[in-house]
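Participant: Going by the numbering used here, the sequence shown opens with residue 1, and the numbers climb by one from there. Note that CB positions come from ideal geometry on N, CA and C, so glycine has one too. Given the structure is predicted, the values throughout are model-derived calculations rather than measurements. One structure, pasted below without further comment.
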Amino acid sequence: MDIFMKSIYMSSDGVTRSISAENFKGEKGKGGMASKGINEHNARELGIGWKVSPAIYIKPGATAIIAEIEGSGVINHMWFTCDPKYWRSLILRIYWDGEENPSVEVPLGDFFCNGWCERSNVNSIPIAVNPAGGFNSYWPMPFRKSARITIENVEAHKDNQDVTFFYQITWQEKEVEDQAMYFHGQWRRRNPAEYKEEYVVVDEIKGKGKYVGTYIAWQANNNGWWGEGELKFFIDGDKEYPTICGTGTEDYVGGAWCFDEGKGEYSTYSTAFLGFHQVIKPDGMYKCNLRMGMYRWHILDSINFNEDLKITLQLLGWRSGARYLPLQDDIATTSFWYQIEPHHEYPMLPDANYLEVI
Numbered sequence: 001m002d003i004f005m006k007s008i009y010m011s012s013d014g015v016t017r018s019i020s021a022e023n024f025k026g027e028k029g030k031g032g033m034a035s036k037g038i039n040e041h042n043a044r045e046l047g048i049g050w051k052v053s054p055a056i057y058i059k060p061g062a063t064a065i066i067a068e069i070e071g072s073g074v075i076n077h078m079w080f081t082c083d084p085k086y087w088r089s090l091i092l093r094i095y096w097d098g099e100e101n102p103s104v105e106v107p108l109g110d111f112f113c114n115g116w117c118e119r120s121n122v123n124s125i126p127i128a129v130n131p132a133g134g135f136n137s138y139w140p141m142p143f144r145k146s147a148r149i150t151i152e153n154v155e156a157h158k159d160n161q162d163v164t165f166f167y168q169i170t171w172q173e174k175e176v177e178d179q180a181m182y183f184h185g186q187w188r189r190r191n192p193a194e195y196k197e198e199y200v201v202v203d204e205i206k207g208k209g210k211y212v213g214t215y216i217a218w219q220a221n222n223n224g225w226w227g228e229g230e231l232k233f234f235i236d237g238d239k240e241y242p243t244i245c246g247t248g249t250e251d252y253v254g255g256a257w258c259f260d261e262g263k264g265e266y267s268t269y270s271t272a273f274l275g276f277h278q279v280i281k282p283d284g285m286y287k288c289n290l291r292m293g294m295y296r297w298h299i300l301d302s303i304n305f306n307e308d309l310k311i312t313l314q315l316l317g318w319r320s321g322a323r324y325l326p327l328q329d330d331i332a333t334t335s336f337w338y339q340i341e342p343h344h345e346y347p348m349l350p351d352a353n354y355l356e357v358i
């Protein structure tokens, strides 16, 4: 852990600020000053300074701007929580330096490795999910002119209810190094995946950067083993064949042999850089398919690119006679990388019904 702790004792010129519903702009000496908020009735006898505004409401179809920061700095921590049923219908977007198109555009739960709207704890370096649904990001996110963070409620559940949303975003006001790159995150889904076609995790990444992580929410639509597929990294002009090719899906996230320790069932794990942390089993009634969550952070083994990057994933299982079976599963992936701006505009997110977990 020395790589993360070795600089903690060094002096710094950075100034720490934090935005929340108790201090919307993160201003010095102005936290906890709200006189109006969702808890003003609860605090009516105690008044200002006694948890008057710990959260906000986000109306169906509305977008809340939860942070607008001017100047240069680095976001070091984000903490969010809300009802799990909204984890796919709340879209997290982050814009750097006044850009029109977001550098991060991901459903909230998928950003925090909880794409299935059912709680699963995560114990990793950049992402920690703690009881009961506390989302924490420690991805460092530098910016030079400004940062804007929004949450859109796309109303996938059509229940016409405001979402109660708690958040805190902590950053340091400081000069950013010339060589610092910008954080990016993109989400994709195929349900079902195309038969005998490799699933595209991400493409159209242009420029110079480092790929640093993948989260996969996987629903198996067939019996048997599903994880034979290889992840392929097409780097700097690769066309037909990639420069980096893995050996299997469970291998990519640091596991082996179908995650089976000889008990005929999956063994879950969540570690600093690798995890197969969630298995949601059918219940014999309303839950029809096996659903899983897994991640791989390329922090100590970043995938560097100078011109472009494309990543694909084979959906591959076994059929009779020791033959491979192309699968048509429900796959959603979130890709994380750093790059020098500008970035290529992302594909449009699907509509609320396609986003929804059912």
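Alpha carbon to alpha carbon, how far is Thr243 from Phe234? Give it in angstroms, no decimals.
Facilitator: Computed Cα separation, rounded: 6 Å.
Participant: Round the Cβ separation of Ser335 and Val201 to the nearest angstrom and send it over; I've been treating them as touching at under 8 Å.
Facilitator: Rounded, the Cβ-Cβ distance is 6 Å, consistent with contact.
Participant: Helix, strand or coil for Asn221? Go by DSSP, reduced to three states.
Facilitator: Three-state result, Asn221: coil.
Participant: For Trp171, which residues in the same chain have their Cβ closer than 7 Å to its Cβ, ignoring the five residues on either side in sequence?
Facilitator: Answer for Trp171: Arg17, Ile69, Gly73, Val74, Ile75, Asn76, listed in chain order.
Participant: Skipping 5 residues on each side, what residues in its chain have a beta carbon closer than 8 Å to that of Ala193?
Facilitator: These residues qualify, in order along the chain: Tyr199, Leu315, Leu327, Gln328, Asp329, Asp330, Ile331.
Participant: Counting pairs of Cβ atoms below 8 Å between the segment 151 to 166 and the segment 55 to 69, do you hit three or more?
Facilitator: They touch, by the three-pair rule.
Participant: Pick from Arg188, Asp308, Ala55: whose alpha carbon is nearest that of Asp236?
Facilitator: The candidate whose alpha carbon is nearest that of Asp236 is Asp308.
Participant: Which residue wins for smallest C-alpha separation from Phe111, given the options Tyr346, Gln339, Thr333, Ala352?
Facilitator: Checked all of Tyr346, Gln339, Thr333, Ala352; the closest Cα to Phe111 is Thr333.
Participant: In the DSSP assignment, find the unbroken alpha helix (DSSP H) run with Thr249 in it and report its ends.
Facilitator: Where Thr249 is concerned, the enclosing alpha helix (DSSP H) stretches over 249 to 252.
Participant: Report yes if the CB atom of Tyr182 is closer than 9 Å to the CB atom of Ser302, and no otherwise.
Facilitator: No, they are not a contact pair.
Participant: Output yes or no for whether 9 Å exceeds the beta carbon distance between Glu250 and Gly227.
Facilitator: Contact flag set, yes.
Participant: Which parts of the segment 97 to 180 are runs of the beta strand (DSSP E), unbroken and 3 residues or longer, counting only runs that do not cross its ends?
Facilitator: The qualifying runs are 104 to 107, 127 to 130, 134 to 137, 141 to 143, 146 to 153, 163 to 173.
Participant: In angstroms with no decimal places, state the Cα-to-Cα distance between Ile48 and Ser35.
Facilitator: Near 6 Å, if we compare the C-alpha coordinates of Ser35 and Ile48.
Participant: Looking at the ligand MG, does it come within less than 8 Å of Ile58, judged from the CB to the closest heavy atom?
Facilitator: As for the ligand MG, it is missing from this structure, which has no ligand bound.
Participant: Rounding to the nearest angstrom, what Cα-Cα distance links Ile189 and Ala43 in this structure?
Facilitator: Note on residue identity: the sequence assigns Arg, not Ile, to residue 189. Distance between the alpha carbons of Arg189 and Ala43: 44 Å.
Participant: Please report how far the alpha carbon of Met78 lies from the alpha carbon of Ile66, in whole angstroms.
Facilitator: Their Cα atoms are separated by approximately 11 Å.
Participant: Identify every residue that forms a DSSP beta bridge with Gln186.
Facilitator: Beta-bridge pairing links Gln186 to Glu105, Ser335.
Participant: In the structure shown, what three-state DSSP assignment does Trp226 receive?
Facilitator: In this structure, Trp226 counts as coil in the three-state DSSP scheme.
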